[in-house]
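If you use our numbering, the sequence shown closes out at 244, no skipped numbers anywhere.
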Amino acid sequence: MRFSLVVGLVAPCCLLTACGSSGPDLGSLQGHTPKEILALATTSITAKASSFHFIDQTRLGKKTTTLSGDDTDTGADQTLSGSGGALEVVRTADGTLFVRGAAGALVTALSLPQATATAKAGQWISLQSGDAPYSVVAVALDPEKELNSFMPTAPLQLESPRRFHGHTVVGVVGNAPTSAGNGSGGIATLYVPTESPYTPVGATLTYATNTGQADEAVVFDNWGKRINPAAPTGAVTYSSLVG
Numbered sequence: 002m003r004f005s006l007v008v009g010l011v012a013p014c015c016l017l018t019a020c021g022s023s024g025p026d027l028g029s030l031q032g033h034t035p036k037e038i039l040a041l042a043t044t045s046i047t048a049k050a051s052s053f054h055f056i057d058q059t060r061l062g063k064k065t066t067t068l069s070g071d072d073t074d075t076g077a078d079q080t081l082s083g084s085g086g087a088l089e090v091v092r093t094a095d096g097t098l099f100v101r102g103a104a105g106a107l108v109t110a111l112s113l114p115q116a117t118a119t120a121k122a123g124q125w126i127s128l129q130s131g132d133a134p135y136s137v138v139a140v141a142l143d144p145e146k147e148l149n150s151f152m153p154t155a156p157l158q159l160e161s162p163r164r165f166h167g168h169t170v171v172g173v174v175g176n177a178p179t180s181a182g183n184g185s186g187g188i189a190t191l192y193v194p195t196e197s198p199y200t201p202v203g204a205t206l207t208y209a210t211n212t213g214q215a216d217e218a219v220v221f222d223n224w225g226k227r228i229n230p231a232a233p234t235g236a237v238t239y240s241s242l243v244g
């Protein structure tokens, strides 16, 4: 999963429900194959330095989890809420990570003892590159982690164009990559605007789990906009908590 600190995100269908019925044409994508459209989207993502804002929801049975934030090549932030437990993560421009959350989320994310996590619940904890959980948390903030599982793979096909979030989009549908759903496979659909720039406006993903089918959806915006969050005040160091 993109946010490997927690298990299973889920998306209510309303997040990526199309606005209006299908019917618009392919615009400047007319005559392009699904593979070519996916390549145009990938090129556009790269041109925007893989920087974006997102809201990602996952639904598994009655459990729903929402992950939102800004993934950029400078600063980054993510907030998790719902069934997975509350957790916030911030990366400042100098690479320092800050984590704040509920006790259970801190146990999962930072491998803290339960008593320590309970005592520090709701407080900011700073991580440096030498701290044991640093790399796991840092990878979770990598923009590619949010993008890659939604990128469909062959065989590819196109859905009919439709209006979505103020854009006419076409869905490129294919097999979910092995990175999606812990490698359980599934179907991924990437929604690409029919006019340049072709940065995706959203995506959906379905995959099987041990307890049923998971449905995930994401909305993207603010492509190319970098953030530089300030360091939270009053943070305790991770090293001070583990000796």
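Don't be surprised by glycine CBs; every beta carbon is placed ideally from N, CA and C.
Residue 196 carries a coil assignment under DSSP once its states are collapsed to helix, strand and coil. At a Cβ-Cβ threshold of 8 angstroms, residue 173 and residue 38 count as neighbours. Burial state of residue 234 is exposed, judged by a 10 Å Cβ sphere holding fewer than 16 other Cβ atoms. The DSSP-derived three-state label of residue 69 is strand.
Restricting attention to beta strand (DSSP E) runs no shorter than 3 residues, the region 186 to 241 encloses them at 188 to 194, 203 to 210, 213 to 222, ordered along the chain.
Shown here, residue 89 sits in a strand according to DSSP, grouped into three states. By the Cβ-count criterion, residue 70 is buried, with 16 or more other Cβ atoms from all chains shown falling within 10 Å of its own Cβ. Going by beta carbons, residue 178 and residue 211 fall outside the 8 angstroms limit. Nearest C-alpha to residue 200 among 157, 90, 226, 87: 226. When beta bridges are read from the DSSP output, residue 57 appears opposite 219. Take the alpha-carbon of residue 83 and the one of residue 141: they are about 18 angstroms apart.
Under the criterion of beta carbons closer than 8 angstroms, residue 91 and residue 138 do not qualify as touching, at roughly 10 angstroms.
Of all alpha-carbon atoms in 144, 175, 224, 242, the one lying nearest the alpha-carbon of residue 77 is that of 144.
Setting aside the 5 residues that flank it on each side, residue 196 is surrounded in the same chain by 28, 29, each with a C-beta closer than 6 angstroms to its C-beta; the list follows chain order. One thing to note: residue 218 has its Cβ within 8 angstroms of the Cβ of residue 58. Residue nearest to residue 75 within the set 62, 56, 95 is 95 (criterion: CA-CA distance).
A straight-line Cα-Cα distance of about 48 angstroms links residue 125 and residue 25. Nearest in C-alpha terms to residue 164, of all of 146, 154, 188, 193, is 193. For residue 133, the secondary structure class from DSSP, reduced to helix, strand or coil, is coil. For residue 120, the enclosing alpha helix (DSSP H) covers residues 115 to 121. DSSP places residue 109 within a helical segment (H, G or I) once states are collapsed to three.
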